[in-house]
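Worksheet: one structure, shown below.
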Amino acid sequence: MPRYNKTFELSIHDVDLIEEALRARSRELCKMRRALSDENPANMESIRVIEGDQRENEELLGRLHNQKIFYRPIGATYVGG
-9 MPRYNKTFEL SIHDVDLIEE ALRARSRELC KMRRALSDEN PANMESIRVI EGDQRENEEL
51 LGRLHNQKIF YRPIGATYVG G
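Numbering follows the numbering used here, in which position 37 of the sequence shown is assigned residue number 27; successive positions increment by one, without gaps.
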């Protein structure tokens, strides 16, 4: 039985591309959600599916963000921009 690969070799550029693709998908899901009316009961199941996809997408973006290591100078005072 095949096993999952638990180690990945992705560059910073690869991660940026993945994040941009996820953001583009979020925009498309948002457009689809806005096109559906809350008043129409026939749309309610579609709305639930889209909102579930949006939630899953945002959670994945959050997990990617949480794995990043941000630069903070050790010897000097950090001034955020």
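Where a beta carbon is used, it is the ideal one built from N, C-alpha and C, also for glycine.
Report all residues from its chain with a CB closer than 8 Å to the CB of residue i; omit the five preceding and five following residues, and keep chain order.
i, result
"Leu26", "Asn33, Ser36, Ile37, Ile40"
Taking residue i as the reference, which of the options has the closest Cα?
i, options, result
"Cys20", "Leu0, Asp43, Leu7", "Asp43"
"Arg13", "Lys(-4), Asn30, Leu51", "Leu51"
"Arg23", "Glu49, Asp6, Arg45, Val5", "Arg45"
"Gln57", "Leu0, Pro(-8), Gly65, Asn(-5)", "Leu0"
"Ile59", "Ile2, Ala66, Pro(-8), Phe(-2)", "Ile2"
"Arg15", "Lys(-4), Glu48, Asp28, Phe(-2)", "Glu48"
"Arg53", "Glu29, Phe(-2), Glu9, Thr(-3)", "Glu9"
"His55", "Asp6, Ile64, Phe(-2), Asn(-5)", "Asp6"
By Cβ distance, which residues of its chain are closer than 6 Å to residue i, with the 5 residues on each side in sequence left out?
i, result
"Tyr68", "Arg62"
Taking the straight line between their C-alpha atoms, what separation do you get for residue i and residue j?
i, j, result
"Asp4", "Pro(-8)", "25 Å"
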